[in-house]
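First residue of the sequence shown? That's 13 in the numbering used here, and the numbers climb one at a time after it.
Using N, Cα and C, we set each Cβ at its ideal position, and we do this for glycine too.
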Amino acid sequence: MTDTTSLLKLISKHFDVPENISEAHLREVLIKTFEYLVEDDFPKLLQVLYRADVDQYKLKDLLENTEGKSTAEIIADAYIERQKAKVETWKKYSSG
Numbered sequence: 013m014t015d016t017t018s019l020l021k022l023i024s025k026h027f028d029v030p031e032n033i034s035e036a037h038l039r040e041v042l043i044k045t046f047e048y049l050v051e052d053d054f055p056k057l058l059q060v061l062y063r064a065d066v067d068q069y070k071l072k073d074l075l076e077n078t079e080g081k082s083t084a085e086i087i088a089d090a091y092i093e094r095q096k097a098k099v100e101t102w103k104k105y106s107s108g
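See the structure below:
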């Protein structure tokens, strides 16, 4: 299980998010944020995804092949998944 505090700390580098927010609420906030970025600030969207190290090829595949989710949902989920992977990697190597 991912440490939510570490996840929030990492995400707060890119976005202004409350400290005591559930992961489900965080996802909703990020979906709304990515909706805005897709529509109104695409260069910032690309910058955020690049800085977060979201795999562009994996994301492209998800966007082309995922049904039943909005573009913003797919991006938010990929972003959160990548941030969780970073937290897990840090935990693995810092406890060692």
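Same chain, Cβ closer than 8 Å to residue i, neighbours up to 5 away in sequence not counted
i: histidine 37; result: none
i: isoleucine 33; result: Leu20 and Val41
Nearest neighbour of residue i, chosen from the options [CA to CA]
i: lysine 72; options: Gln59, Val60, Pro55 and Ala90; result: Ala90
i: glutamate 35; options: His26, Lys96 and Thr83; result: Lys96
i: glutamate 51; options: Thr83, Ser18 and Asp67; result: Thr83
DSSP state of residue i mapped onto helix, strand, coil
i: serine 157; result: The first residue shown for the chain is 13 and the last is 108, placing residue 157 beyond what the model contains.
i: aspartate 65; result: coil
i: aspartate 15; result: coil
i: lysine 25; result: coil
i: isoleucine 33; result: coil
i: aspartate 53; result: coil
Alpha-carbon spacing of residue i relative to residue j, whole angstroms
i: methionine 13; j: glutamate 40; result: Any reading at methionine 13 must be qualified, since the residue scores a pLDDT of 47, below 50, and its modelled position is unreliable; the value itself is stated next. Their Cα atoms are separated by approximately 20 Å.
i: leucine 57; j: lysine 104; result: 29 Å
i: tyrosine 62; j: aspartate 15; result: 23 Å
Same chain only: Cβ atoms within 7 Å of residue i, ignoring 5 sequence neighbours per side
i: threonine 45; result: Phe27
i: lysine 98; result: Leu22
i: alanine 88; result: Arg39, Leu42, Ile43 and Phe46
Neighbourhood of residue i by C-beta distance below 6 Å, restricted to the same chain and skipping five residues each side
i: glutamine 68; result: none
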